[in-house]
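Take a look at the structure set out below.
Numbering (this note's numbering), first residue to last: 407 to 617.
Below is the structure:
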C-alpha cells in the first residue's frame, strides 16, 4: 500500500444508510406537502443535512424562516436516528470487515471522513466503535462536502499530509472534495466512473490491490 492513511466516507462505503435517510426525508416532505421521490433524493447524496433540506424546500409552495428550517432538520434527524436503531453488525459486510482488518494488519492508518453528525452512533451500531484511528465528522466541521474540510481534518488528526492519504468515496460530492483537498481518491458505487478519481473500484476488497 503506497498510502500511509486511508480516509473512508461512511455512508455508502463502510455501510449503507441511504434507505433510512430517504424514508426520513420522505416522511418530512409528505407532511409538508412537498413533492419528493427517489430520483430527487439522489441530489442529497454526500450533502449536509441543512443543504439537503434546502434542496427539498426548493419544491415548497411557501418559504420558511430559519427557525422553522432548524425545526424541520431536527424532525428529520429524529426520524432518521430512530430508524438507525434497526442497524446491527449484520449491516457491516464481511468483505468490508475483512478488508479493513487486512489494511490494519499492513499498518495503514484508518480514518472516517463523513459529513454526518450521526457517524459515531452508526459506527457503534455496526460494531466499529473505536476501530478507526480517528473519526472526522459533521460534529467537528463547519463546511460539508464538496468542501474538503472533513478530509483535511481527518488527515491532520492522523498527522499526515493529503499526499500521504487516500480517500475512498461513493458520491460525486465526496470525490470533488477529495480533489479539492489534494487527495488521491478511490471511487466506488455511484461515483465509480468519476474522472476526478485516481482509482475506480468495483468492490471494496480491491483496495488491497492498490499500490
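We treat Cβ as the ideally placed atom computed from N, Cα and C, and that holds for glycine.
As the structure is a prediction and not an experimental result, all values here were calculated from the model.
Burial state of residue i (16 or more Cβ within 10 Å)
| i | result |
| --- | --- |
| residue 456 | exposed |
| residue 546 | exposed |
| residue 441 | exposed |
| residue 522 | buried |
Beta-carbon proximity check, residue i vs residue j, cutoff 8 Å
| i | j | result |
| --- | --- | --- |
| residue 415 | residue 536 | no |
| residue 459 | residue 479 | yes |
| residue 593 | residue 613 | no |
| residue 589 | residue 505 | no |
| residue 462 | residue 435 | yes |
| residue 494 | residue 531 | yes |
| residue 409 | residue 571 | yes |
| residue 577 | residue 599 | no |
| residue 497 | residue 520 | no |
| residue 540 | residue 420 | no |
| residue 555 | residue 548 | yes |
Simplified DSSP assignment, three categories, for residue i
| i | result |
| --- | --- |
| residue 556 | helix |
| residue 507 | helix |
| residue 599 | coil |
| residue 460 | helix |
| residue 659 | In the structure as shown, the chain begins at 407 and stops at 617. Residue 659 is therefore absent and cannot be evaluated. |
| residue 532 | coil |
| residue 574 | strand |
| residue 606 | strand |
Nearest-angstrom Cβ-Cβ length linking residue i and residue j, presumed shorter than 8 Å
| i | j | result |
| --- | --- | --- |
| residue 583 | residue 551 | 4 Å |
| residue 517 | residue 413 | 5 Å |
| residue 557 | residue 587 | 5 Å |
| residue 485 | residue 515 | So it is not a contact: roughly 35 Å between Cβ atoms. |
| residue 431 | residue 482 | 6 Å |
Check: residue i C-beta below 7 Å from any heavy atom of the ligand GDP
| i | result |
| --- | --- |
| residue 566 | Because no ligand of any kind appears in the structure shown, any question about the ligand GDP cannot be addressed here. |
Query raised in the report: What beta strand (DSSP E) runs, 3 residues minimum, are completely inside the stretch 473-522?
Result: 515-519
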